[in-house]
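Chemist: Would you mind keeping the following structure in view while I ask a few things?
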Amino acid sequence: MAQTMIAGVDLGGTAIKAALLTMEGDILRKTQVPTPVTEGADRVIGRMMETIDQLLAEEGQQRSSLAGIGIGVPGPVDEATGSVHEAVNLYWKSVPLKQKLEQLSGLSISVDNDANTAALGEMWRGAGQGAKDMVAITLGTGVGGGVIANGRIIHGVRGVGGEIGHVTVVPAGGPLCNCGRTGCLETFASATAIIREGTQVAAEGKSETLAAVLEQNGALTAKDVFDAAKAGDAAAVKVVDDAAYYLGLGLSHLANILNPGKIVIGGGVAAAGDFLFERVREEFRRYTFSHAAESCEIVPAILGNDAGVIGAAWLVHEQQIGK
Ligand SMILES: [Zn+2]
């Protein structure tokens, strides 16, 4: 039977997102199931395969119609072997994912880090629109990133290439980061950071708006801070300005080295829209070599939660076109 489809999987600590896609990256069918994370790696891998089989059955197809399975995982991956070095959210250490799933499925398996697959998804079918030199950054609980140079992900020697969230933007005295150092971009531009700063100005009595929301809801969201800033609350505007400053600064370092045509920004914080993007673009221009700044567009991601499965499918697509 002709291989007409690709399976794409976005494996997370809480959910397995899986999709069947055409060879050109159109989603035919998708689903999401809880990750049986406490039952061990073999069970998670088994559940992943059951989910793909279920999608195939619903589509009236069999495994033989798949060109392969692409998977994005939340941790660094050995590019040569498709083994996962470590995935904290899955409690995985040195799991030979590619090998195990190849044995289980009889199919060709491609594995990469989930920040990289999200970047590849945006490159292939999203805001990157085929840009060969592109940086994708996700502003969520943390700050993730993927760097694409000449159409290929930069992995580096240990699979941690593109860790944009840990670019140092404050050399001394910055907030403590999850990585154990201080002053990383993630500690200023993530949702966690914006909530931290918003809560602080509320506690210091600098923002009546945020203090009122905090009083009512018991906690702030990043959206609360952006809403207050958009409504003109000066302290909230300062929080947004600071996040944009550090983001523009961090991105300028990348642009000066890589000269990307596009920087695609996604994740919950990016939902703040032009209010944030205009500020980031202004700071970015301030710190970026002029030719690099002029040739780079900073745009919002457009695929949302589908970026992961589409980018995972790209891994298989890329192998096919390479044959
Ligand atoms: Zn860090």
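Per my numbering, residue 1 is the first one in the sequence shown, and the count goes up by one each step. C-beta atoms are modelled at their ideal positions from N, C-alpha and C, and glycine is treated no differently.
Three or more C-beta pairs under 8 Å: does that hold for the segment 170-178 against the segment 295-311?
Modeler: no
Chemist: Does the beta carbon of residue 158 fall short of 6 Å from some heavy atom of ligand 1?
Modeler: Within the sequence shown, the letter at position 158 stands for residue 158. No, since every heavy atom of ligand 1 falls outside the 6 Å radius drawn around the Cβ of residue 158.
Chemist: Rounded to whole angstroms, what is the Cα-Cα separation between residue 293 and residue 43?
Modeler: Stepping through the sequence shown from its first residue, residue 293 is reached at position 293. Stepping through the sequence shown from its first residue, residue 43 is reached at position 43. Each residue's CA atom was taken as its position, placing residue 293 and residue 43 some 47 Å apart.
Chemist: I need the DSSP call for residue 207, collapsed to helix, strand or coil.
Modeler: What you label residue 207 is simply residue 207 of the sequence shown in a count that begins at 1. Residue 207 falls in the coil class under three-state DSSP.
Chemist: Can you give me the start and stop residues for the beta strand (DSSP E) that residue 129 sits inside?
Modeler: Translated into positions along the sequence shown, residue 129 becomes position 129. No beta strand (DSSP E) contains residue 129, which DSSP labels as neither H nor E.
Chemist: Excluding sequence positions up to five away, which residues of its chain have a Cβ less than 6 Å from the Cβ of residue 79?
Modeler: Here the question's residue 79 lines up with position 79 in the sequence shown. Contacts found: 155.
Chemist: DSSP beta-bridge partners for residue 116?
Modeler: The sequence position of residue 116 within the sequence shown is 116, counting from 1. Per DSSP, none; premise fails for residue 116.
Chemist: Pick helix, strand or coil for residue 263, following the three-state DSSP scheme.
Modeler: Taking the sequence shown and counting its residues from 1, one reaches residue 263 at position 263. DSSP places residue 263 in strand when its eight states are reduced to three.
Chemist: Could you pull out every unbroken beta strand (DSSP E) segment of at least 3 residues lying fully inside the segment 62-121, listed in chain order?
Modeler: 66-73, 83-87, 92-95, 109-113
Chemist: Output needed for residue 130: all residues of its chain with C-beta closer than 8 Å, excluding positions within five of it in sequence on either side, in chain order.
Modeler: Here residue 130 refers to the residue found at position 130 of the sequence shown. Hits under 8 Å: 123, 124.
Chemist: Could you check which residue in 93, 9, 241 has the C-alpha nearest to that of residue 25?
Modeler: Counting from one through the sequence shown, the residue named residue 25 turns up at place 25. Out of 93, 9, 241, 9 has the C-alpha closest to the C-alpha of residue 25.
Chemist: Which one of 88, 67, 68 has the shortest CA to CA distance from residue 77?
Modeler: Taking the first residue of the sequence shown as 1, we reach residue 77 at position 77. Out of 88, 67, 68, 88 has the C-alpha closest to the C-alpha of residue 77.
Chemist: Helix, strand or coil for residue 24, going by three-state DSSP, please let me know.
Modeler: Here residue 24 refers to the residue found at position 24 of the sequence shown. Looking at residue 24 - three-state DSSP - the assignment turns out to be coil, as it is neither helix nor strand.
Chemist: Should residue 244 and residue 236 be called a contact, given that it needs their Cβ atoms to be closer than 7 Å?
Modeler: Position 244 of the sequence shown holds residue 244. Position 236 of the sequence shown holds residue 236. Cβ distance not < 7 Å, so residue 244 and residue 236 don't count as in contact.
Chemist: Taking all protein chains shown into account, do 16 or more other C-beta atoms lie within 10 angstroms of the C-beta of residue 256, making it buried, or fewer, making it exposed?
Modeler: Counting from 1 along the sequence shown, the entry for residue 256 is found at position 256. Burial call: exposed.
Chemist: Taking all protein chains shown into account, do 16 or more other C-beta atoms lie within 10 angstroms of the C-beta of residue 209, making it buried, or fewer, making it exposed?
Modeler: Translated into positions along the sequence shown, residue 209 becomes position 209. Buried is the call here.
Chemist: Kindly examine ligand 1 and report whether one of its heavy atoms sits closer than 6 Å to the Cβ of residue 196.
Modeler: Within the sequence shown, numbered from 1, the residue matching residue 196 stands at position 196. Flag unset: Cβ of residue 196 not near ligand 1.
Chemist: Could you check whether residue 141 and residue 192 sit closer than 7 Å to each other, using their CB atoms as the reference points?
Modeler: As a first step, residue 192 is located in the sequence shown; it is residue number 192 there, counting from the start. As a first step, residue 141 is located in the sequence shown; it is residue number 141 there, counting from the start. Yes, they are a contact pair.
Chemist: What residue ranges within the segment 254-321 form continuous alpha helix (DSSP H) runs of no fewer than 4 residues, ordered along the chain?
Modeler: 274-287, 290-294
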